[in-house]
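To keep things clear, I will list the structure first and then write my remarks on it.
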Amino acid sequence: GPARLAQTAGRMRRVRNALEDVTWRLMREVVQWEPCGFACLSLPPLMAAPEEIGLRALSQVLLGVGGGEYPQRLAALERLYGWLKQNPASGGRTLSGCRILLRQHRLLVVRELAALGPGIELKPGETNFWDERFRVGFDGGGDGDAEGACTVREVGIAGLMQMKDRLPKKPPPRIICQTLPGFWRGAHLLAAPHLGYRDASSQMAKMAFVARFSPKNVKWPDGVTSPEDL
Numbered sequence: 001g002p003a004r005l006a007q008t009a010g011r012m013r014r015v016r017n018a019l020e021d022v023t024w025r026l027m028r029e030v031v032q033w034e035p036c037g038f039a040c041l042s043l044p045p046l047m048a049a050p051e052e053i054g055l056r057a058l059s060q061v062l063l064g065v066g067g068g069e070y071p072q073r074l075a076a077l078e079r080l081y082g083w084l085k086q087n088p089a090s091g092g093r094t095l096s097g098c099r100i101l102l103r104q105h106r107l108l109v110v111r112e113l114a115a116l117g118p119g120i121e122l123k124p125g126e127t128n129f130w131d132e133r134f135r136v137g138f139d140g141g142g143d144g145d146a147e148g149a150c151t152v153r154e155v156g157i158a159g160l161m162q163m164k165d166r167l168p169k170k171p172p173p174r175i176i177c178q179t180l181p182g183f184w185r186g187a188h189l190l191a192a193p194h195l196g197y198r199d200a201s202s203q204m205a206k207m208a209f210v211a212r213f214s215p216k217n218v219k220w221p222d223g224v225t226s227p228e229d230l
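Numbering-wise, the sequence shown is residues 1 to 230 according to the working numbering.
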């Protein structure tokens with residue numbers, strides 16, 4: 001009856017909350033979130049954890065880096081976990097819009113370039129999510145009309161070509177640089193905040209361009225809204 005169903009639902013909710021708590025404790029130990037939108041995982045403690053907790057941790061990382069709306073299918077996640085359990089020396093996989101690469105005893109999870117979301121249009125003073133992962137916005141000039149608008153999309157190869165020798169001395173790997181958010185006016189790159197790039201010749205050069213890695217669909221612990229809060 002309804003009373004018994006409500007009691008069962010309450011018990012399941014209690015178990016789910018406990019599992020989520022243990023999962024985030026593990027993630028604080030093994031996951032290093034990077035502002036550029038990728039994650040590094042320490043494999044030994046991840047694989048030493050109970051399998052259910054390890055699977056949940058992997059799922060949250062893939063959801064955050066991949067920008068997915070829903071967690072990946074359990075069967076696909078179990079195949080990835082099984083591969084890691086074999087202790088491979090090298091190799092990689094793709095899953096949920098992510099590239100998963102082995103680097104000695106660490107797992108590098110980066111966004112898959114081909115899976116990036118479409119560009120979005122922004123006007124001065126507006127904020128929005130791009131690729132369901134970065135909260136983006138710009139302000140500091142203009143009157144907010146369409147003429148002051150720009151498009152936020154990936155830096156890509158075209159953006160890196162425009163930056164040329166103006167990249168940081170130690171930039172992130174190229175596969176990561178290409179997937180970062182860039183602020184564009186047509187085919188012209190105005191800014192790429194994560195790479196410290198701004199086109200000084202642009203009429204919008206004095207504007208403040210902001211892009212913060214804050215995956216939209218990750219269920220963060222209480223009081224946490226982005227990886228920077230962990």
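Cβ coordinates follow ideal geometry from the N, Cα and C atoms, glycine included.
Every value quoted in this text rests on a predicted model; they were computed, and no experiment measured them.
Limits of the beta strand (DSSP E) - the one that residue i falls within
i, result
"Leu62", "Premise fails: Leu62 lies in the alpha helix (DSSP H), Glu51 to Gly66, not in any beta strand (DSSP E)."
"Asp21", "Taken as a continuous stretch (DSSP letters only), Asp21 belongs to no beta strand (DSSP E), being part of the alpha helix (DSSP H) at Pro2 to Val30."
"Trp83", "Premise fails: Trp83 lies in the alpha helix (DSSP H), Leu74 to Lys85, not in any beta strand (DSSP E)."
"Ala39", "Phe38 to Ser42"
"Thr139", "One detail in the question is off: residue 139 reads as Asp in this sequence, not Thr. Residues Phe134 to Asp139."
"Trp220", "Taken as a continuous stretch (DSSP letters only), Trp220 belongs to no beta strand (DSSP E), as it is neither H nor E."
"Arg99", "Cys98 to Arg103"
"Arg93", "Gly92 to Leu95"
"Leu122", "Ile120 to Leu122"
Element boundaries [alpha helix (DSSP H), containing residue i]
i, result
"Pro181", "First-last for Pro181: Pro181 to Arg185, but that is the beta strand (DSSP E), not the alpha helix (DSSP H)."
"Arg174", "Arg174 to Cys177"
"Val156", "Per the sequence presented here, residue 156 reads as Gly, with Val not at that position. Gly156 to Met163 is the span of the alpha helix (DSSP H), which, as asked, contains Gly156."
Selection from the options that minimises the alpha carbon distance to residue i
i, options, result
"Asp222", "Leu160, Arg25 and Arg185", "Arg25"
"Pro215", "Glu20, Val15 and Glu34", "Glu34"
"Ala49", "Arg93, Gly148, Val30 and Trp220", "Val30"
"Lys317", "Ala191, Gln86, Gln72 and Pro227", "Since the first residue shown for the chain is 1 and the last is 230, residue 317 is missing from the structure and cannot be characterised."
"Ile176", "Cys36, Ala187, Arg4 and Arg14", "Cys36"
"Ala39", "Ala149, Asp165 and Arg106", "Arg106"
"Tyr70", "Arg79, Gly182 and Gln60", "Gln60"
"Val76", "Pro88, Gly97 and Gly91", "Here residue 76 turns out to be Ala, not Val, going by the sequence shown. Cα-wise, what sits closest to Ala76 is Gly97."
Buried versus exposed, by CB contacts within 10 Å (16 or more), residue i
i, result
"Tyr197", "buried"
"Asp145", "Summary for Asp145: the model assigns pLDDT 47, below 50, so the residue's position carries little reliability; its value from the coordinates is reported in the next sentence. Counting Cβ neighbours within 10 Å, Asp145 comes out exposed, since fewer than 16 surround it."
"Leu160", "buried"
"Asp21", "exposed"
"Leu80", "buried"
"Gly182", "buried"
"Gly186", "exposed"
Presumed contact (8 Å Cβ cut-off) between residue i and residue j, rounded CB distance
i, j, result
"Leu46", "Gly54", "6 Å"
"Val152", "Gly119", "6 Å"
*At least 3 beta-carbon pairs within less than 8 Å: the region 130–140 vs the region 160–175*: With the cut-off at 8 Å, the region 130–140 and the region 160–175 do not touch.
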